[in-house]
Amino acid sequence: MLQPKKTKFRKQMKGRNNGYASAGSSVSFGDFGLKATSHGMLTSRQIEAARRALVRYIKRGGKVWIRVFPDKPITKKPLETRQGKGKGNVEYWASPIKPGKIIYEVAGVTEEDAKRAFELAGAKLPMGTTFVKRGTNA
(Lines of atoms letter the chains of each structure in order from A and count residues from 1; the text may use other names and numbers.)
(Lines give C-alpha, C1' and ligand atoms only; values in the text may rest on other atoms or scores of the structure.)
Protein backbone atom coordinates (compact mmCIF):
# COMPACT_ATOMS: atom_id res chain seq x y z
CA MET A 1 0.00 0.00 0.00
CA LEU A 2 1.07 3.55 -0.71
CA GLN A 3 1.51 5.89 2.24
CA PRO A 4 3.94 8.63 3.26
CA LYS A 5 7.12 7.55 5.04
CA LYS A 6 6.97 10.52 7.40
CA THR A 7 4.57 13.40 8.00
CA LYS A 8 4.88 16.56 10.06
CA PHE A 9 1.53 15.92 11.77
CA ARG A 10 -0.12 12.56 12.35
CA LYS A 11 -3.72 13.70 11.75
CA GLN A 12 -5.30 16.25 9.41
CA MET A 13 -8.61 18.05 9.23
CA LYS A 14 -11.12 16.76 6.70
CA GLY A 15 -11.07 19.81 4.42
CA ARG A 16 -13.19 20.38 1.32
CA ASN A 17 -12.70 18.98 -2.17
CA ASN A 18 -14.13 21.75 -4.40
CA GLY A 19 -13.35 22.92 -7.92
CA TYR A 20 -11.46 21.38 -10.79
CA ALA A 21 -7.88 20.11 -11.03
CA SER A 22 -5.43 22.50 -12.65
CA ALA A 23 -2.19 20.75 -11.70
CA GLY A 24 -1.86 17.23 -13.06
CA SER A 25 -4.64 17.63 -15.59
CA SER A 26 -2.68 16.77 -18.76
CA VAL A 27 -0.91 13.62 -19.90
CA SER A 28 2.78 14.25 -19.15
CA PHE A 29 4.66 10.94 -19.10
CA GLY A 30 2.83 8.38 -21.23
CA ASP A 31 0.77 8.39 -24.43
CA PHE A 32 -2.64 7.74 -22.86
CA GLY A 33 -4.23 8.63 -19.53
CA LEU A 34 -7.16 7.89 -17.24
CA LYS A 35 -8.80 11.18 -16.21
CA ALA A 36 -11.24 11.65 -13.32
CA THR A 37 -14.59 13.19 -14.27
CA SER A 38 -15.99 13.59 -10.75
CA HIS A 39 -14.89 14.39 -7.20
CA GLY A 40 -13.86 11.65 -4.81
CA MET A 41 -11.30 10.15 -2.47
CA LEU A 42 -9.00 7.39 -3.68
CA THR A 43 -7.69 5.11 -0.96
CA SER A 44 -4.32 3.41 -1.28
CA ARG A 45 -6.12 0.07 -1.67
CA GLN A 46 -8.20 1.37 -4.59
CA ILE A 47 -5.11 2.83 -6.28
CA GLU A 48 -3.37 -0.54 -5.96
CA ALA A 49 -6.40 -2.55 -7.15
CA ALA A 50 -6.75 -0.41 -10.29
CA ARG A 51 -2.99 -0.55 -10.90
CA ARG A 52 -3.10 -4.36 -10.75
CA ALA A 53 -6.01 -4.48 -13.20
CA LEU A 54 -4.06 -2.20 -15.57
CA VAL A 55 -0.80 -4.14 -15.35
CA ARG A 56 -2.54 -7.50 -15.63
CA TYR A 57 -4.19 -6.46 -18.91
CA ILE A 58 -1.21 -4.78 -20.60
CA LYS A 59 1.21 -7.42 -19.23
CA ARG A 60 4.86 -6.56 -19.97
CA GLY A 61 4.04 -4.59 -23.10
CA GLY A 62 3.95 -1.09 -21.69
CA LYS A 63 4.92 1.21 -18.86
CA VAL A 64 2.46 2.50 -16.23
CA TRP A 65 2.71 5.74 -14.25
CA ILE A 66 0.62 6.40 -11.13
CA ARG A 67 -0.01 10.16 -10.99
CA VAL A 68 -1.71 10.29 -7.56
CA PHE A 69 -0.35 9.60 -4.09
CA PRO A 70 -2.41 9.01 -0.92
CA ASP A 71 -1.03 11.65 1.43
CA LYS A 72 -4.15 12.45 3.48
CA PRO A 73 -4.69 10.43 6.68
CA ILE A 74 -8.30 9.35 7.28
CA THR A 75 -9.12 8.72 10.94
CA LYS A 76 -11.82 6.56 12.50
CA LYS A 77 -12.93 5.97 16.05
CA PRO A 78 -13.18 2.33 17.20
CA LEU A 79 -16.57 0.59 17.02
CA GLU A 80 -18.84 0.88 20.08
CA THR A 81 -16.96 3.92 21.38
CA ARG A 82 -18.77 6.95 22.79
CA GLN A 83 -18.28 10.33 21.17
CA GLY A 84 -15.65 12.67 22.57
CA LYS A 85 -12.25 11.69 23.99
CA GLY A 86 -10.39 13.12 21.00
CA LYS A 87 -9.93 12.33 17.35
CA GLY A 88 -9.74 8.68 16.28
CA ASN A 89 -6.66 6.84 15.06
CA VAL A 90 -5.47 6.89 11.43
CA GLU A 91 -7.38 4.12 9.64
CA TYR A 92 -6.03 4.50 6.08
CA TRP A 93 -4.49 6.98 3.64
CA ALA A 94 -6.35 8.62 0.78
CA SER A 95 -5.87 11.07 -2.06
CA PRO A 96 -8.53 13.73 -2.74
CA ILE A 97 -9.32 13.73 -6.47
CA LYS A 98 -10.83 16.65 -8.39
CA PRO A 99 -12.42 16.39 -11.85
CA GLY A 100 -9.79 16.71 -14.57
CA LYS A 101 -6.99 14.99 -12.61
CA ILE A 102 -4.98 12.36 -14.49
CA ILE A 103 -4.83 9.26 -12.29
CA TYR A 104 -2.83 6.80 -14.43
CA GLU A 105 -0.78 7.01 -17.62
CA VAL A 106 0.49 4.28 -19.94
CA ALA A 107 2.93 4.14 -22.85
CA GLY A 108 4.15 1.44 -25.21
CA VAL A 109 0.72 -0.08 -25.96
CA THR A 110 -1.83 0.38 -28.73
CA GLU A 111 -4.75 2.76 -28.25
CA GLU A 112 -7.28 -0.12 -28.17
CA ASP A 113 -5.29 -1.97 -25.50
CA ALA A 114 -4.90 1.20 -23.43
CA LYS A 115 -8.62 1.96 -23.71
CA ARG A 116 -9.61 -1.56 -22.60
CA ALA A 117 -7.07 -1.55 -19.75
CA PHE A 118 -8.38 1.81 -18.50
CA GLU A 119 -11.97 0.51 -18.64
CA LEU A 120 -10.95 -2.37 -16.37
CA ALA A 121 -9.03 -0.06 -14.03
CA GLY A 122 -11.83 2.53 -13.97
CA ALA A 123 -14.27 -0.14 -12.78
CA LYS A 124 -12.18 -0.46 -9.60
CA LEU A 125 -12.40 3.26 -8.81
CA PRO A 126 -15.20 5.03 -6.87
CA MET A 127 -15.57 7.90 -9.36
CA GLY A 128 -16.26 8.56 -13.01
CA THR A 129 -13.26 8.33 -15.33
CA THR A 130 -12.56 8.85 -19.01
CA PHE A 131 -9.83 7.91 -21.49
CA VAL A 132 -7.57 10.69 -22.82
CA LYS A 133 -4.72 10.85 -25.33
CA ARG A 134 -1.56 12.92 -25.06
CA GLY A 135 -2.02 16.39 -26.54
CA THR A 136 -5.80 16.43 -26.13
CA ASN A 137 -7.65 17.68 -23.07
CA ALA A 138 -10.95 15.85 -23.56
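The opening residue of the sequence shown carries number 1 in UniProt numbering; numbering runs sequentially from there. Note that CB positions come from ideal geometry on N, CA and C, so glycine has one too.
Nearest Cα to THR43 within the set PHE131, VAL132, MET127 and LYS87: MET127. By the CB criterion at 8 Å, LYS72 and GLY88 fall outside the cutoff. Around the beta carbon of THR130, a 10 Å sphere encloses fewer than 16 other beta carbons of the protein chains shown; the residue is thus reported as exposed.
The Cβ atoms of ILE74 and ALA94 sit closer than 8 Å to each other.
For PHE32, the enclosing beta strand (DSSP E) stretches over residues 32-36. As the crow flies, the alpha-carbon of PHE29 is around 20 Å from that of ARG56. In the structure shown, the three-state DSSP call for LEU54 is helix. Separation of LEU54 and ILE102 (C-alpha to C-alpha, rounded to the nearest whole angstrom) is 15 Å. For VAL109, the closest of ALA121, PRO99, ALA50 and PHE32 by C-alpha to C-alpha distance is PHE32. Cβ contact annotation for LYS11 (same chain, cutoff 8 Å, sequence separation greater than five): PRO73, THR75, LYS87 and VAL90, in chain order. Beta-bridge pairing by DSSP links LYS72 to ALA94. Bounds of the alpha helix (DSSP H) holding LEU120 are 111-122.
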